[in-house]
Structure formats: structure tokens, C-alpha cells
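Comments concern the structure below.
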Amino acid sequence: MFGRARGEVVHPLDGVDAVLADLDGVVYQGAGAIPHAVDALNRVAAEGLRVGYITNNASRTDAQVAGHLSEFGLAVAPEDVVTSPQAAMRVMRTLVEPGATVLVVGGVGLSSEVEKAGFVVTRSAEDAPAAVVQGFAPDVGWTQLAEAAFALHDPAVQWVATNTDWTIPVARGVAPGNGTLVSAVHTAVGRLPVVAGKPETTIFEVAAERFSAANAAFIGDRLDTDTMGAKRAGLRAIHVLTGIDRAKQLLAAPKDSRPDFILDDLRQLFEPYPVARTSKDGVETTVGSSVVSVRGQKVRVEKAGERQIDLLRAGCAAIWNSGMSIHVLDVDPALYS
């Protein structure tokens, strides 16, 4: 079990009772596992921490996700996976009566959770649904979006979105996500849905309850969903540089999307994490052997140090603590190139 922080270094898992991980960009990218991710997560479990997985992707069931992860060599059961459709059903229960008819825009990952929650699934606005629930699936097209719009022109019909991610990473690259599809319906009806997935807190609340976690850490690769959501939910936010957001995005991260820990890959979950130290005059920030200065609006690398990751950590600490917007700063390209 992991202990508490001492001295000039901490450990990312100090005092944590559960580790929750995003999938795309953290565990896998496309069809393949990300290097070192599987071994690291198995080690977390072997050292006595509960490991769970959280996904905004509504296209697959928890059993399908668990099966996929098991193929990589992770020990994952369906109950170890928290999906945005599960979070959406928690929200839905607060909005409509039990057994209500719900128009589903999405695939089996969403429709199966609607049925498990005791609601009646329909695909047509002509069935007078009490609510619309919308989630990503590759085959969602104009016909389904139009049915949602037809239903939602009635202001009494509730609208829940599993998530509003603008993009989704796939094998061939980055594609439009559920947020773009929700935006199409929003444009047609002039109203916004209640959102259940990251960065909203409902999905994290479901996970914390399921895993009996009082002090969980969440590992993500996106600042606008993973880090922001974890911070909103009061979880430790760990950002890994194997997915969407890299050095440039981290340096520019707004206050509500700044992670507690930045890792090259998941092996660094078990490494000492050097504490950022600021000089007495507040000009220089040191992490490990890397030193970054902020003088006026100029951010400069004073000493690159032995590890690029420590240089990035120092740059982030220096910029974040400066109180200035990244847009007014002249940032040394060595920090993000």
C-alpha cells in the first residue's frame, strides 16, 4: 500500500485508495495497448488498490469494454467499467418517472443501459417519449438526430447527453465526437441537454460509490474532460502524455484544468515525483535538475536538466504560478517542442 508524501518528493499514488483510468489515450490507442499501460495498471492492482475504468464513449456496453481490456492482459470485469450511459441513467431517474418511454439516439451501449434502468426504449418521436438520451455511436446519422429534434421541440421532453466530447480518437485519426452531434440537435431546437459524462461530476460519483473510494486518483489524457472533471469531483488528477493533450496544451491549461501530476507514461506512477521549488525572488522554478524562469512576460529555460518531463513540469509550475495568461507570455519553444 502506498504511504504519504515526505520531503522534497511525493508519489502520484500517495494516500490513494482507488485508481480510475480513462481508456482512449491512456490504456489503448486504436486497436493496440499503449506501451507500459497494462503492466502498470496490473501492478497497481497487485499492490492492493482497486482499479476501475471510466469512459465517455457510449457506443459499447460495459461487458464489451471489459472484454476488450481483458484481451490486453488486464483483469477486468464488467462491474469494473463505468460508462457515460450508466451516468446518464442516474441523471434520467431524477428527471422522469420510472418506466417512462425514452427516445434513444445511439447504439447498444446506450440502449442496453436504458433498458437496465427500467425505461422503455423507442427510436421514434411519434411514441411521445418523456425524454431523449443521446450518445455516440458510429452509425448515428441524420435520421436519428431528426427524431431527437422532433421530440425536443416539446419543452416538456427532457434531454440528457452522455457526454459532449467534440472529438473521438479512432484508428485512422481524430473524428467528430458526441459533442458535434449534440450541437447539431441544439442548433435545431435551441436548447441544451443535461450532461452526465466527463467533465461533469455524475460519472465520477457513480465510480466513487461503486468502488467505495474516499480518495481516488483519476488518470486521463485530456484536460477539458479528464482533468477538469476529476478536479470538479475532488479527485486527484493525473495526466499522462500518451493521448490527446501534450506539452503545449499543458503549459496553456486554464486554472480549472491543471493536473496534480504529469507523467510521460504509466511507469511513472511508481516513481518519486519531484516537488517544484521556487526561488526566493519568485523568478526561477526548479523541478529535479530543470530550471525555468519567468521575467516579465518572458518564460525561458535556464537549465534543461536531465529529463524532458521535469522540464515540462517546471515550465507548467512557473507559468501556472505566474498568474498570467499564456496568451501574453513569450514562451521558450524548448518547453514544448
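Numbering (our numbering), first residue to last: 346 to 682. Glycine residues also receive a C-beta, built at the ideal position from the N, C-alpha and C atoms. As the structure is a computational prediction, the values presented were derived from the model and not from experiment.
Among the options, nearest to residue i - alpha-carbon criterion
i      : options                           : result
Asp369 : Glu353, Gly377 and Ala408         : Gly377
Gly418 : Leu656, Val372 and Pro599         : Val372
Ala496 : Glu651, His531, Glu416 and Lys643 : His531
Gln642 : Leu674, Ser624 and Val628         : Leu674
Gly360 : Asn560, Thr572, Asp677 and Trp665 : Asn560
Glu647 : Gln653, Ile654, Ser635 and Asp655 : Ser635
Pro521 : Asp407, Leu386, Ala475 and Val485 : Val485
Pro357 : Gln653, Lys625, Val620 and Ser638 : Val620
Val505 : Pro474, Trp487 and Pro514         : Pro474
Val539 : Gly524, Ala533 and Ala662         : Gly524
Lys461 : Thr572, Pro443 and Gln653         : Pro443
Arg388 : Thr623, Ser624 and Phe615         : Phe615
Chain-order list of residues whose beta-carbon lies under 8 Å from that of residue i (same chain, five-residue window excluded)
i      : result
Thr546 : Gly574, Arg577 and Ala578
Unbroken alpha helix (DSSP H) run spanning residue i, endpoints
i      : result
Ala553 : Thr547 to Arg555
Leu656 : Gln653 to Ser667
Ser429 : Ser429 to Arg438
Lys576 : Met573 to Arg577
Ala563 : Looking at the sequence itself, residue 563 is Phe, so the reference to Ala does not match. Counting along the chain, Phe563 falls outside any alpha helix (DSSP H), though it belongs to the beta strand (DSSP E) covering Ala561 to Gly565.
Burial state of residue i, where buried means 16 or more other Cβ atoms lie within 10 Å
i      : result
Ala411 : buried
His543 : His is not the amino acid found at residue 543; the sequence shown has Lys there. Looking at its Cβ environment, which holds 16 or more other Cβ atoms inside 10 Å, Lys543 is buried.
Asn666 : exposed
Arg640 : exposed
Leu596 : buried
Thr406 : buried
Gly393 : exposed
Beta-carbon proximity list for residue i, same chain, < 7 Å, skipping 5 on both sides
i      : result
Phe692 : The structure shown has nothing for residue 692, since the chain only spans 346 to 682.
Ala592 : Leu657, Leu680 and Tyr681
Val441 : Ala475, Ala476 and Gln503
Residues near residue i by beta carbon distance below 6 Å, same chain, minus five either side
i      : result
Ala482 : Ser404, Gly451 and Gly452
Leu365 : Gly397, Ile399, Ala552, Ala561 and Phe563
Met434 : Glu458 and Ala462
DSSP state of residue i mapped onto helix, strand, coil
i      : result
Trp504 : strand
Asp315 : No answer is possible for residue 315: it lies beyond the span of the chain, which begins at 346 and ends at 682.
Gln374 : strand
Glu458 : helix
Glu629 : strand
Residue span of the beta strand (DSSP E) that contains residue i, given as start and end
i      : result
Leu448 : Thr446 to Val450
Val527 : Unbroken run through Val527 is the alpha helix (DSSP H), Asn523 to Val534; no beta strand (DSSP E).
Ser638 : Ser635 to Arg640
His413 : Where His413 is concerned, there is no enclosing beta strand (DSSP E), although the alpha helix (DSSP H) it sits in stretches over Asp407 to Glu416.
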